[in-house]
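Participant: So that we are looking at the same thing, I have put the structure below in C-alpha cells.
In our numbering, the protein residues as written are 636 to 886.
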C-alpha cells in the first residue's frame, strides 16, 4: 500500500505475510507537515507610499505575492491564502534604503479546488510563525505646498533667512491625523528695498517636525506661492528666522 496516498484518520490496510497469506491491520495516518515560503514576482519589492496604514495592497503596480508549499505528496496540489501586512504604518530607512517587514496572518491551506484539506498542516517555527516575513518598503509621501508665509522682515535687511519648525503653509497632502505633528524648515530669499508683501524664493525645504517619525513619513516636493511682509525699519520688525507665526492652517 502507498502510505502517502492514505488520507488522515484510521485506515485498514492489507499486507502480505508468509506463504502469500494476506492479512489486514489498522493504521493511523497523521497530517503531513508542510512549509510555506512567500515570494515576489521577478524579485520586485512590495512597495507603497505612506498612507497611515500597514495595509499591503496588491495591484498592477505592486508585484503579486505567491506561496510555495514544500513537502506535498506527488500528485497533490494545494493552494495557500494569507493576509500580508506591513509590521507597522511608518516609513523606515536603513542607510539609503527604505525597508519594512511584511508579516502574514490568517494563513490557510486548501486543495486546488478550494475545498479544505485534512491531510496537511503548515509547520510553524519556534515563535509560532507559519510564514516567515519578507521585506518590503513604505516610502515617504510628498507634500506639495501651494502657499507659504515667511516670517516678516524689515526694509533694508539682508533679504534672506533660515526658518525652522514652521506651520505657516498650505497643502492638501498631509494626513488628517498627522497635521499637528508636521512642520517644515527652509531657506527664504527676498527683496527688501520696499515695504509691503513681496514674493519669496524658498529652497532646501524639508520636514523638521518635533516628531522625528514625520521627517521620514513625509518629504517636501514643490513650494509655490511663498510671500513675506516687509515692514519699515521702525515697525518693530520680524527679527531673524525661527518658527515664525502659525496663522495659516495646514489644509
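Glycine residues also receive a C-beta, built at the ideal position from the N, C-alpha and C atoms.
1. Does the distance from the C-beta atom of residue 670 to that of residue 706 stay below 8 angstroms?
2. Thinking C-beta only, is residue 798 closer than 8 angstroms to residue 823?
3. Name the one or two DSSP bridge partners that residue 796 has.
4. What are the start and end residues of the alpha helix (DSSP H) that includes residue 847?
5. State buried or exposed for residue 693, treating a residue as buried only when at least 16 other CB atoms are found within 10 Å of its CB.
6. Could you check what DSSP says for residue 808 in three-state terms: helix, strand or coil?
7. Tell me which residues share the same chain as residue 893 and place their Cβ nearer than 7 angstroms to its Cβ, disregarding the 5 neighbours each side in the sequence.
8. According to DSSP, simplified to helix, strand and coil, what is residue 637?
9. List in chain order: all unbroken beta strand (DSSP E) runs of 3+ residues lying wholly within the region 727-755.
10. According to DSSP, is residue 813 part of a helix, a strand, or is it coil?
Facilitator: The short version:
1. Their beta carbons are under 8 angstroms apart, which means residue 670 touches residue 706 by this criterion.
2. Taking 8 angstroms as the cut-off, the beta carbon of residue 823 is found closer than this to the beta carbon of residue 798.
3. When DSSP reads this structure, residue 796 sits in a beta bridge with 823.
4. Element bounds for residue 847: 847-852.
5. Exposed, because fewer than 16 other Cβ atoms sit within 10 Å of the Cβ of residue 693.
6. In this structure, residue 808 counts as coil in the three-state DSSP scheme.
7. The chain is shown from 636 up to 886; residue 893 falls before or after that span and cannot be answered.
8. At residue 637 the pLDDT is 46, less than 50, meaning the model places this residue with poor confidence and gives no usable figure here.
9. Those beta strand (DSSP E) runs which fall completely within the region 727-755 and span 3+ residues are 735-746.
10. Residue 813: helix per DSSP, three-state reduction.
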